[in-house]
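Right, one structure below, let's go through it.
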Amino acid sequence: MSDTIRLDGRVLYLSQDPAVIEAQLAGENFTRASAGPLRDNVSTDEITPVTVMLTYDERLGQYPYVGFKAGERLPIGRNAVKDGGFQVTVAGKRYGKGSSRESSPLAELSAGIRLIVAGSFERIYQQNCDNIGILTTTDFSVLDRLIAGEAVPIDEFLKGRDALTQQIIRSGGLLAYSKFADWPAPRVREMANAAIAANAASAAEPKTLVEKIIERHLHPGIESAQRGDGVFIAADWRFSHDYFTGMCAHLMHRAFGRPAPLHAPDHIIAFQDHLVLASQSIPHVRDGLLPGVANLMEGHTSFSRDYPVRSHGALDNSPASEGICHALMAEQYALPGQVACGTDSHTPHSGALGCLAFGAGATEIANSWVTGYVRCKVPETLCIEIDGALRDGVTAKDVMLHLLQMDAVRSGGAIGLVFEYGGAAVRAMSIDERATLTNMVAELGGFTGIVEPDERTVAFLKERRGVDFTLENWMKSDSGATYRDTIRIDATAIEPMLARPGDPGNGVPAPQLEQDVTIDIAYGGSCTAGKREDFDFYHEVLRWGVEQGMRVPEGTRLFLQFGTMAVRAYCEEQGYLPVFERAGVTLVMPGCGSCANCGPGQSANANEVTISAINRNFPGRSGPGNVWLASPYTVAASALAGKITTFEQLKRTRG
1 MSDTIRLDGR VLYLSQDPAV IEAQLAGENF TRASAGPLRD NVSTDEITPV TVMLTYDERL
61 GQYPYVGFKA GERLPIGRNA VKDGGFQVTV AGKRYGKGSS RESSPLAELS AGIRLIVAGS
121 FERIYQQNCD NIGILTTTDF SVLDRLIAGE AVPIDEFLKG RDALTQQIIR SGGLLAYSKF
181 ADWPAPRVRE MANAAIAANA ASAAEPKTLV EKIIERHLHP GIESAQRGDG VFIAADWRFS
241 HDYFTGMCAH LMHRAFGRPA PLHAPDHIIA FQDHLVLASQ SIPHVRDGLL PGVANLMEGH
301 TSFSRDYPVR SHGALDNSPA SEGICHALMA EQYALPGQVA CGTDSHTPHS GALGCLAFGA
361 GATEIANSWV TGYVRCKVPE TLCIEIDGAL RDGVTAKDVM LHLLQMDAVR SGGAIGLVFE
421 YGGAAVRAMS IDERATLTNM VAELGGFTGI VEPDERTVAF LKERRGVDFT LENWMKSDSG
481 ATYRDTIRID ATAIEPMLAR PGDPGNGVPA PQLEQDVTID IAYGGSCTAG KREDFDFYHE
541 VLRWGVEQGM RVPEGTRLFL QFGTMAVRAY CEEQGYLPVF ERAGVTLVMP GCGSCANCGP
601 GQSANANEVT ISAINRNFPG RSGPGNVWLA SPYTVAASAL AGKITTFEQL KRTRG
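Going by UniProt numbering, the sequence shown opens with residue 1, and the numbers climb by one from there.
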């Protein structure tokens, strides 16, 4: 990359005012002051909606920001950024929230964007920019200098970045750096004997569980690492799904040749889950997008066909998959103390088992396939102590919506942190419920979530996988370990929660909802809410409703989607399916479906209102309508009522 950066193009301010956006696209230039307040929380769903992610190359340059919402409008159309000659994008806080899709920065890069200036960035998004060669900064004075015509040294864009990241940025991206780096065979560091272990323990400062896992997986060329250091660590599992396998393979082949020399291909997994229900998706059918889906599918299947990797594909006799990648990782692969990385921001799901699991972009995964290593920064950890016991009808999802509405999280103060969950309420949770806590760290902006493995973890591995696992003494945070902060939550004070449309952080206790909200769609499913215990919750509400002579009313539809085929088998064994049928449920086979705006349960128009148990409700996430987030209990109760209500409130109406 050049030693200095000059502004050769225009600056696009992502203003809250749609008129300002439209004026810029028409050729008018603004300043920071005249652009007015900038949009915070610009998500990757807005930068590149899933309906444009049907290619994995430079053609994405037609589409950046086509889902960007200003006011109630979508002012940026196809080719507008490229045709407008923009080189810099400027936005507010928490830029790049949501999905880990590298399609977003690739679309920006391909449209001519070379620098993004924002109040703060989500971790995965900024790392993806580093990897493909887009510069980022939170220093608005650098923007002022560029606008003034100054040639700004590259060093200005390296401030505050760890040494490894600086090298990658200077190299022009990760794969350019990787070609000249040393990649010895990964190995997990184990202490040779008790004496060495004792000496090491006495010499080292107390560590968190994540710090210990990183230490045991460090690249052999790194003797030790401190918090804030950029490192490469050996990954026990590396996975991709059908949206990004083709992009990963494309990038890998471009950098390493074809066929590429994969490291430990039996520990690489290709999941077909995000697109399997496209033939039932309103926009994909209506807008003629199925050929593009087929293109992505071919990129995925050709990789899993050409290389000896593990593969979980579509079912033979129906449009569905074996299961959603995160759920299958917990059901079949991840173990306490391991490292797992994947092309999805909800990869921390497996942290419920006490492993280090985190999402990464396509470049990162492509590099890991060949080297066996994945990059991360040794993170700081936030301790979340949830004391007491949750009330009946209050779930881990309510805990997450409570956390998300806290100022410390909404402001972006938790970006890049580990969320280590503990306390009596967490210890009492099943692994399925703990997985909701770790899964939704993606919405909190964290690096990952983790729960210390215990006897519940051991029992889960035995029951679900037939694995006899023995916990080791090191698999916990040390007394005296350093935390950025500790947040204590009284579990007894948490009520059933909602998140108003637009952002998972728009939380409000459901009993405080001031007016009735009629719903058109209720949806239960996704990696967050398609697990066994989630279906226990749906069934509990719907069985009660059926016993009361209730069913889903005319004008409301309730979709329940299994996270995996094993969850469906569980529901069949428990006798849940007849109850679902009597209640008027539409059952959907496994896949990401409407959570990725690609299957049954999505809205058809902007006037429809959905209450959903998925993890995020950014604009356009599950169709053009407004999406409220809630727990499985509240989703099922609302479906029976035809309006948003909790199970407790519903029972009172029949008392």
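Backbone N, C-alpha and C fix where the C-beta goes; we use that ideal spot for every residue, glycine too.
In angstroms with no decimal places, state the Cα-to-Cα distance between residue i and residue j.
i, j, result
"Tyr243", "Gly292", "11 Å"
"Leu587", "Pro453", "33 Å"
"Gly149", "Val88", "14 Å"
"Ile169", "Leu640", "53 Å"
"Ala637", "Pro496", "12 Å"
"Thr4", "His241", "38 Å"
"Asn193", "Leu143", "Caution applies to Asn193, whose pLDDT of 40 falls short of 50 and renders its modelled position unreliable; the model cannot decide the point."
"Ala107", "Asp490", "44 Å"
"Ala442", "Pro348", "8 Å"
"Gly288", "Arg145", "45 Å"
"Asn473", "Phe86", "55 Å"
"Cys376", "Gln515", "45 Å"
"Pro220", "Pro619", "44 Å"
"Ser612", "Leu629", "5 Å"
"Gly133", "Ser103", "13 Å"
"Ile318", "His312", "Checking the sequence shown, residue 318 turns out to be Ser, not Ile. Looking at the two C-alpha atoms, the distance is approximately 15 Å."
"Asp162", "Thr371", "21 Å"
"Ala632", "Ser141", "Here the sequence assigns Pro to residue 632, which means Ala is not the residue at that position. Taking the straight line from one Cα to the other gives about 46 Å."
"Ser202", "Arg114", "Any reading at Ser202 is ruled out, since the residue's pLDDT is 43, under 50, leaving its predicted position unreliable."
"His539", "Asn605", "29 Å"
"Gln512", "Thr645", "11 Å"
"Ser350", "Ile487", "22 Å"
"Val451", "Leu353", "7 Å"
"Ile614", "Glu58", "31 Å"
"Asn597", "Met53", "12 Å"
Could you check if residue i is buried or exposed, using at least 16 other CB atoms within 10 Å of its CB as the buried criterion?
i, result
"Arg616", "buried"
"Ala19", "exposed"
"Val11", "buried"
"Ser2", "exposed"
"residue 688", "Here the chain covers residues 1 to 655 and nothing more, so residue 688 does not appear."
"Ala80", "buried"
"Leu14", "buried"
"Gln405", "buried"
"residue 656", "The structure shown has nothing for residue 656, since the chain only spans 1 to 655."
"Ala278", "buried"
"Gln226", "exposed"
"Val635", "buried"
"Lys531", "buried"
"Val374", "buried"
"Asn607", "exposed"
"Gln338", "buried"
"Arg238", "buried"
"Asn199", "At Asn199 the pLDDT is 41, less than 50, meaning the model places this residue with poor confidence; the figure from the coordinates comes in the next sentence. Looking at its Cβ environment, which holds fewer than 16 other Cβ atoms inside 10 Å, Asn199 is exposed."
Going by beta-carbon coordinates alone, are residue i and residue j separated by less than 8 Å?
i, j, result
"Phe460", "Leu335", "no"
"Ala330", "Ala435", "yes"
"Leu158", "Gln166", "yes"
"Gln126", "Gly599", "no"
"Pro308", "Pro265", "yes"
"Gly36", "Lys82", "no"
"Arg101", "Thr136", "no"
"Val579", "Arg543", "yes"
"Met247", "Ala360", "no"
"Phe30", "Glu46", "no"
"Lys397", "Val517", "no"
"Gln16", "Ala70", "yes"
Rank the options by C-alpha distance to the C-alpha of residue i and give the top, closest one.
i, options, result
"Glu572", "Thr556, Ala118, Met589 and Leu262", "Met589"
"Gln548", "Leu650, Lys643 and Gln602", "Leu650"
"Ile431", "Gln16, Arg652 and Glu455", "Glu455"
"Arg410", "Ser15, Asn41, Ile21 and Thr438", "Asn41"
"residue 661", "Gly299, Glu648, His284 and Ile233", "Because residue 661 is not part of the residues shown, which for the chain are 1 to 655, the question remains open."
"Ala340", "Gly655, Ala583, Gly449 and Val635", "Gly449"
"His284", "Thr457, Glu215, Ser594 and Gly96", "Ser594"
"Pro501", "Glu433, Ile282 and Leu401", "Leu401"
"Ala493", "Asn597, Gly61, Leu417 and Leu403", "Leu403"
"Ile384", "Gly172, Thr395, Ala70 and Ala424", "Ala424"
"Thr48", "Gly575, Ser34, Gly27 and Gly96", "Gly96"
| task | Decide yes or no for the touch test of the stretch 613-625 against the stretch 519-536: beta carbon pairs closer than 8 Å, at least 3 of them. | result | yes
| field | Segment contact flag, the stretch 204-216 with the stretch 551-566, C-beta cutoff 8 Å, min 3 pairs | value | no
| request: Would you check if the stretch 269-280 and the stretch 313-326 touch, i.e. whether three or more CB-CB distances between them fall below 8 Å? | output: yes
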